[in-house]
Each structure stands twice: as C-alpha cells, then as structure tokens.
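Residue 106 in my numbering is what sits at position 103 of the sequence shown, and the numbering runs on without skipping anything. Glycine included, each C-beta is placed from N, C-alpha and C at the ideal position.
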Amino acid sequence: MEPIIARAERVFLSNFEPKAWFERAIFYSWYCSVRDCAFCYMSSLPAREFARRSPASILAELLLCRLLGWRIGFISGGIGAFKHEEFFDLLKKMHSVAGEKLWLNVGFLDKNTLKMYQPYVKGVVASIECINPELHARVCPSKPTQPYEQMLSSAIELNLKTAITIIIGLGETKRDYPKLKRFLQKYRVSKIHFYCLNPQKGTAYENQKPPSPEEQAWWIAKTRIDFPSIDIQGGIWLDKVGRVGLLLKAGANSISKFPAIRYFGSPEARAIEQQAKSVGREFIGTLTKPPKVDVKRLLAGLEFESELKARIAAKLEKYLRKIKAKGF
Ligand code: SF4
C-alpha cells in the first residue's frame, strides 16, 4: 500500500498546490422517481412527491458555503423532483448567489437542455456509482449508464466539463479498475467523486461492511497516478473522519459528505482540519470558526425581489444560529 500512496502523493504535489478544502453538495429534494438503487436511502423511503426544499433555503445554504469558504461540489436532487421551468429558474438564481458556474448532478440531461443551462453550468456529473456493468445492473436497475454516457458525450461536444461519482464498497474489486480508467479516458472526465459505502438501514447494503480507508485510498491513488491533473474528491461520513489524511495523501484534492452544518465546530470537524495540516495541506475555508457577517448587507447585492430576499435572510440567520450554537 505504502509505495502506491507515496507515488500518488508525489504526482499530486507535482500538479497541485498543497491545499485541501471541503466541498458541499447542495441537495434540493428528498424525492426521487427512481427509488430502487440498492444502496440509496431514498429507496427505503415511501414515495413523497413534494419532498423538496424551498428556493430560499437552497439559496441561503449557498450563501453559507461562500461565507465559510466551502466549495460547491454539485447541485443535486432526486430525479424528477422539479418541472423543467421551475428548475431552470432556480438554476439561474443559484448561479447568481454562488457567483460561479455550477456542476449539475441531476440525472440525464439531453443536449438541448445542456445548451440552455450552459451559461450557468461548468459541467455535468454522471452518478455512475459503479463501473462493473453486471454489478451496475443489479445495484441500479432503473438507472442505466447508457443515458449518462450520452449526456457526457453531449457535454464534451458543448465544451462542458464532465464528472462522475463512484461508490467504493458496492462489490467491485481492484480488477475493475481498468474499466474505470477506460471510462475516464473515453469521456474526458475532469472530476471524480470517490465515495465509500455508507450502509443505510432498510437497504440491501444495510449489513455490509464499509470499505476500509486503505481500499478507498487505493482507488484514489490509482486514479491520481493515471490522471495527474484530475480533480478528485474523497467522500467521507462522520465515522470516517479518521481516513482524511490518508485520502489526501493518496491524491484527493478535497473532502466531502461530512455533515458539516450539523457537526460544525465538533471534534470531528476539527480532526478534518488537523489531518489536512498533518499531511502538509493548507485547509482552505473553515469547519470550525463561525463567520462574522452582516446578513442585510450581504443580501443587498442580490437582484431578487424583496420578499425572496427576506426569506433567504431568515433562512441564513437560522443556519448561522445553528452553527454558532454548537456546544461541542
Ligand atoms: S437515482 Fe439517485 S436518488 Fe434515486 S434511488 Fe438512485 S441513487 Fe438514490
């Protein structure tokens, strides 16, 4: 294990500054029309057609990310949660608040839709989850890869960036890595999210052991060595904070999937920052220090109607109280 990690770290340092950061995925719904991916907690929930967040809450969370120096991993939500017009309007608002183009991870998008979204989007994320076709057919029976591959091809034609998500621990082995390598090459993938299985109650993976830190790090290191400039995100969870240093040494650029609002300022949040430092990375942003902010002034710069601004302000104040009130 050691030689591959050391090699991956050398490749990382030859291509990037020694920095790391936290990335937050912004979810707009708890509804999904697919609901049968074997690992996903949405598959264990009863159908809830309108379980989605208010625009004000989503926009306030984007503002909070900016205030804390968290980068936006992607915008995501269950497939079919919004009608097209509603989502397009929300996308424009999210772009305006984020102050940058966004990654979208919202299921299949056709070329015309991508063209329409292009002014607000830097790229698309295909949530492939696993690369082995037989395993994929069992794990995501109603979410085939073919439409995603079509979307990635369209994105390339439009000069948009491409990204994928992979969950380590669903059943793939190291022998499957060449398939991943070919996929990354074929679709010119510039960003990959390496999550590890977080077994969810009520799903087929409920009793499955999550992958070890070494296993997750191995996939990251192999990818870093073969794709020196790719952006790699390592997904953790609250109980996997101890692996952050290893994932960064293996060549991850950033960390995600930590419940950063709920556990802001917690020992686990401090551990993430410390581990980054211990492996020689400067940690950009903060998981521990609440920001000083004049919410009224912050919102004055946004060109939204005053009613929406008031709702965003109320939500942002609530978030700020939440992270300040932590008694860890
Ligand atoms: S499509 Fe996504 S949200 Fe829906 S069940 Fe599958 S993994 Fe979960």
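Asked	Found
Do Ala255 and Gln236 have their beta-carbon atoms positioned less than 9 Å apart in this structure?	yes
Would you call Ala313 buried or exposed, if buried means 16 or more other Cβ atoms sit within 10 Å of its Cβ?	exposed
What residues in its chain sit with their C-beta under 6 Å from that of Tyr44, if we drop five residues either side in the sequence?	Gln203
Would you call Lys177 buried or exposed, if buried means 16 or more other Cβ atoms sit within 10 Å of its Cβ?	exposed
Does DSSP put Gln236 in a helix, in a strand, or in coil?	strand
For a quick check, are the C-beta atoms of Cys199 and Lys146 less than 9 Å apart?	no
Within 8 Å, do at least three Cβ pairs link the stretch 112-121 to the stretch 157-164?	yes
Check whether the Cβ of Gly110 lies closer than 8 Å to any heavy atom of ligand 1, and answer yes or no.	yes
Any idea which residues DSSP pairs Leu107 with across the strands?	Ile78 and Val127
Which of the three DSSP states, helix, strand or coil, is assigned to Ser17?	helix
So, under 8 Å CB-CB, Ile7 and Tyr31 are touching, yes? Tell me the CB distance rounded to an integer number of Å.	Contact flag wrong, Cβ pair sits at about 38 Å.
Put Lys295 into one of helix, strand or coil per three-state DSSP.	coil
If you draw a straight line from the alpha carbon of Pro136 to that of Gly80, how long is it in whole angstroms?	24 Å
Are the CB atoms of Ile167 and Val142 within a distance shorter than 9 Å?	no
Can you list, in chain order, the residues of its chain whose CB lies under 7 Å from that of Ile239, leaving out five sequence neighbours each side?	Arg246, Val247, Ile258, Lys260 and Phe261
Shorter than 8 Å, the distance from the beta carbon of Arg56 to the closest heavy atom of ligand 1, or not?	no
Assuming Ile287 is part of the alpha helix (DSSP H), what are its boundary residues?	That residue, Ile287, is in no alpha helix (DSSP H); its beta strand (DSSP E) goes Glu285 to Ile287.
Would the beta-carbon of Ile195 fall within 9 Å of that of Thr226?	yes
State the DSSP-derived secondary structure class of Ile275, mapped to helix, strand or coil.	helix
Let me confirm a value: Gln219 is counted as buried when at least 16 other C-beta atoms fall within 10 Å, else exposed. Which label applies?	buried
Tell me the DSSP secondary structure of Glu132 in three-state form.	strand
From which residue to which residue does the alpha helix (DSSP H) around Phe186 run?	Tyr180 to Lys189
What did DSSP end up calling Cys1 once you bin it into helix, strand or coil?	No statement about residue 1 is possible, as the shown extent of the chain runs from 4 to 331 and does not include it.
Just how far apart, CA to CA, sit Gln121 and Ala41?	32 Å
Report the option in Phe197, Lys292, Trp106 and Pro216 whose CA atom is closest to the CA atom of Leu70.	Lys292
Should Leu16 go down as buried or exposed, given a rule of 16 or more other Cβ atoms within 10 Å for buried?	exposed
With a 10 Å radius around its C-beta and 16 neighbouring C-beta atoms as the bar for buried, classify Glu320 as buried or exposed.	exposed
So, with DSSP's three-state summary, where would you put Phe197?	strand
Please classify Ser130 as buried or exposed, where buried requires at least 16 other C-beta atoms within 10 Å of its C-beta.	buried
What residues are listed by DSSP as bridge partners for Trp24?	Ser257 and Ile287
DSSP three-state call for Lys177: helix, strand or coil?	helix
Any chance the stretch 83-92 sits against the stretch 282-296, with 3 or more Cβ pairs inside 8 Å?	no
Relative to the C-alpha of Leu187, which candidate in Ile159, Leu173, Pro213 and Glu209 has its C-alpha closest?	Ile159
Please confirm whether any heavy atom of ligand 3 lies closer than 8 Å to the CB of Lys177.	With respect to small molecules bound, the structure shown includes ligand 1 and not ligand 3.
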